[in-house]
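In our numbering, the protein residues as written are 30 to 159.
Every residue gets a Cβ at the ideal spot worked out from N, C-alpha and C, and that includes glycine.
Bear in mind the structure is a predicted one, so any value in this text is a computation, not a measurement.
So the structure is just underneath, and the comments pick up after that.
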């Protein structure tokens, strides 16, 4: 079973952190998709990511976030686009929660977070609901 959560409105780390903290079902592996435009501060507390099995990164700030996650020893990987991430996660055959909570602004690839969220929904519908 797969639970899909679209938190495209998450435009900063505090929003993503709150979304991660809200996940209480530990019978599922959690896959976080994050990245976009703008800086992510190294002063942020990433300890909440202990609930996450893997972080998928995309967007202009993906390398900056990767450096921070690598420093914290958090499992992560980099992708060039959201579709590649969705295809990768789809192939994982286990109960999972996919949390799309970018923690960053959307202006690198989208006009706004609404457009980013709609793109995520289209990809989910294309690969899960056809």
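Taking all protein chains shown into account, decide if residue i is buried (16 or more other Cβ within 10 angstroms of its Cβ) or exposed.
i, result
"residue 151", "exposed"
"residue 92", "exposed"
"residue 62", "buried"
"residue 55", "exposed"
Looking only at its own chain, which residues have a Cβ that is under 6 Å from the Cβ of residue i, when we skip the five neighbours before and after it?
i, result
"residue 38", "142"
"residue 31", "125"
"residue 145", "37, 135, 139"
What is the C-beta distance between residue i and residue j, in whole angstroms, given that I count them as a contact (C-beta under 8 Å)?
i, j, result
"residue 82", "residue 99", "Wrong, their Cβ atoms sit about 16 Å apart, outside the cutoff."
"residue 128", "residue 69", "That pair is no contact at about 16 Å."
"residue 60", "residue 87", "The Cβ separation is near 13 Å, so there is no contact."
With a threshold of 7 Å on Cβ separation, who are the neighbours of residue i within its own chain once the five nearest residues in sequence on each side are excluded?
i, result
"residue 123", "58"
"residue 67", "90, 133, 134"
"residue 149", "35, 37, 111, 129"
"residue 77", "46, 49, 50"
"residue 41", "132"
Leaving aside the five residues before and after residue i along the sequence, list all residues of the same chain whose C-beta is less than 8 Å from its C-beta, in chain order.
i, result
"residue 44", "36, 38, 130, 132"
Identify the continuous alpha helix (DSSP H) that holds residue i and give its terminal residues.
i, result
"residue 44", "42–50"
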